[in-house]
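S.K.: The working numbering applies: residue 8 is where the sequence shown begins, and numbers increase by one. Here a beta-carbon is modelled for each residue, glycine too, at the ideal position from N, C-alpha and C.
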Amino acid sequence: MANPSILILPGDGIGPEVMAEVTKIISWFGDKRGLVFDVSEDLVGGAAYDVHGVPLADETMAKAQAADAVLLGAVGGPKYDVLDFSVKPERGLLRLRKEMDLFANLRPAQCFDALADFSSLKKDVVAGLDIMIVRELTSGVYFGEPRGIFNEGNERVGINTQRYTESEIVRVARAAFELAKRRNNKVCSMEKANVMESGILWREVVQKVHDEEYPEVELSHMYADNGAMQLVRWPKQFDVIVTDNLFGDILSDCAAMLTGSLGMLPSASLGAPMANGRPKAMYEPVHGSAPDIAGQGKANPIACILSFAMALRYSFDQGDEATRLEQAIEKVLADGVRTADLMGPDGGTPVSTSEMGDKIIAALDASL
Ligand code: IPM
Ligand code: MG
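1. I'd like the span of the alpha helix (DSSP H) that includes N201, first residue to last.
2. Roughly how many whole angstroms lie between the Cα atoms of M7 and V202?
3. Say yes only if the C-beta of Y87 is nearer than 8 angstroms to one or more non-hydrogen atoms of the ligand NAD, and no if none qualify.
4. Start and end of the beta strand (DSSP E) containing F157?
5. Taking Cβ positions, are M36 and E328 nearer each other than 9 angstroms?
6. Going by DSSP in three states, S314 sits in which element: helix, strand or coil?
7. In the region 116-148, which residue ranges form an unbroken beta strand (DSSP E) of at least 3 residues, counting only runs that do not cross its ends?
8. Which same chain residues end up closer than 6 angstroms to G20 when comparing Cβ atoms and leaving out the 5 residues on each side of it in sequence?
9. Name the DSSP bridge partner or partners of M229?
10. Under three-state DSSP, which class holds I21?
11. Taking the beta strand (DSSP E) that S47 belongs to, which residues open and close that run?
12. Does DSSP classify Y221 as helix, strand or coil?
13. Just list the beta strand (DSSP E) runs in the region 230-299, keeping only unbroken ones of 3 residues or longer that don't cross its boundaries, in chain order.
14. Alpha carbon to alpha carbon, how far is L208 from I368? Give it in angstroms, no decimals.
15. Tell me the rounded alpha-carbon separation between I257 and D246.
16. Whole angstroms are fine: how far does the CA of V141 sit from the CA of G234?
17. In angstroms, rounded to a whole number, what distance separates the CA positions of G60 and V94?
18. Compare the C-alpha of I33 against each of F315, S146, S361 and name the closest.
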């Protein structure tokens with residue numbers, strides 16, 4: 008049987024340098040664990056625009072559709088701010104999400120013990136935090152029609168449309184309940200049913216999926232603004248949060264910062280199962296391209312490496328190996344190894360991006 012395939016799209020800014028560390032880790036699993044992947048690489052974002060004049064070439068899109076998993080670094084940078092909206096780096100990412108139909112975006116916010124002091128919140132509020140935001144990723148106001156800037160009388164009007172079908176809500180709700188069953192059995196659904204019809208439908212449909220298919224999971228509903236407040240007040244009340252595309256974008260940034268380290272958070276975007284039973288999937292760090300530190304060896308590769316751990320778990324059915332990798336990272340952090348973004352006020356000497364990768368590999372070796 009052919010080896011499972013991974014398409015790597017490093018993208019822009021710090022994307023290539025954090026992805027270089029992931030490549031080392033992938034090779035380690037091939038050499039030491041017999042998990043051999045067919046890895047290929049291509050361009051996305053500004054890097055693709057520079058070569059093809061578009062942020063995602065059709066050939067790259069086709070490769071992504073055929074891959075067992077896609078790993079993406081980051082897209083965007085100031086150089087591309089002047090580009091027309093239709094060819095901005097972000098459009099490449101949105102095209103991948105939409106055309107691969109990656110409707111369930113899993114964004115864990117986990118606080119590593121060694122980093123509990125890094126949060127802007129009190130340590131006891133975040134220590135041991137482990138929540139999962141499931142963000143709907145292929146619909147809602149990001150994609151709804153009509154959209155655009157139109158003339159109306161003697162002024163312009165900007166329009167975007169929040170739109171959800173029942174089936175779009177059903178499938179992301181199922182994804183959230185399935186995850187909750189393997190975690191702490193609790194789902195909180197967030198919308199604005201007090202002001203939005205799409206929110207009323209969202210709440211109804213999530214409740215129906217619960218009652219008919221997952222009555223054993225504890226379900227609650229919250230308005231998204233209250234949800235934001237509760238996330239900051241006492242985040243440990245949550246297990247799985249399921250929400251729409253835009254609220255999920257905002258709430259997941261908020262949740263990410265609770266952990267004190269945006270450079271630590273991975274994500275998985277999952278679609279329907281392919282013929283081989285694996286879900287269509289793309290994995291990416293939650294952080295962006297950080298153009299201000301790109302190319303200096305300062306970036307933290309952990310979010311991107313943890314994204315590969317999610318790939319091991321969700322695409323390749325290698326939960327134990329994913330845990331091995333996550334524990335290697337915890338070990339390295341507990342040993343005080345830090346990239347520049349993780350330096351406390353007391354200083355110390357940060358390791359470089361590639362030194363962090365090497366330390367994680369050493370910890371993986373020690374795990375054997
Ligand atoms: C994210 C990002 C993207 C989004 C941007 C880069 C298009 O903020 O993945 O959260 O808004 O979805
Ligand atoms: Mg975002």
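M.R.: The relevant details are as follows:
1. Judged by DSSP secondary structure, N201 falls outside any alpha helix (DSSP H); it is assigned neither H nor E.
2. Residue 7 lies beyond the range of the chain shown here (8 to 375); nothing can be said about it.
3. For the structure depicted, the ligand NAD is absent and the ligand set comprises only the ligand IPM and the ligand MG.
4. Run containing F157: 151-159, per the beta strand (DSSP E) assignment.
5. The sequence shown places Phe at residue 36, not Met. Less than 9 angstroms separates the beta-carbon of F36 from that of E328.
6. Residue state for S314 is assigned as helix, using DSSP reduced to three classes.
7. Unbroken beta strand (DSSP E) runs of no fewer than 3 residues, entirely contained in the region 116-148, are found at 137-143, following chain order.
8. Hits under 6 angstroms: A81, G84, S296, A297, P298, A301.
9. Per the DSSP secondary-structure output, M229 pairs in a beta bridge with M197.
10. Coil, per DSSP.
11. First-last of the beta strand (DSSP E) with S47: 45-48.
12. It is coil, neither helix nor strand.
13. If you keep only unbroken beta strand (DSSP E) runs of at least 3 residues inside the region 230-299, you get 247-250, 273-280, 286-292.
14. Distance between I368 and L208, taken at the CA atoms: about 48 angstroms.
15. Counting only the Cα atoms, D246 lies some 18 angstroms from I257.
16. About 14 angstroms.
17. Taking C-alpha positions only, G60 is separated from V94 by approximately 8 angstroms.
18. Among F315, S146, S361, the Cα nearest to that of I33 belongs to F315.
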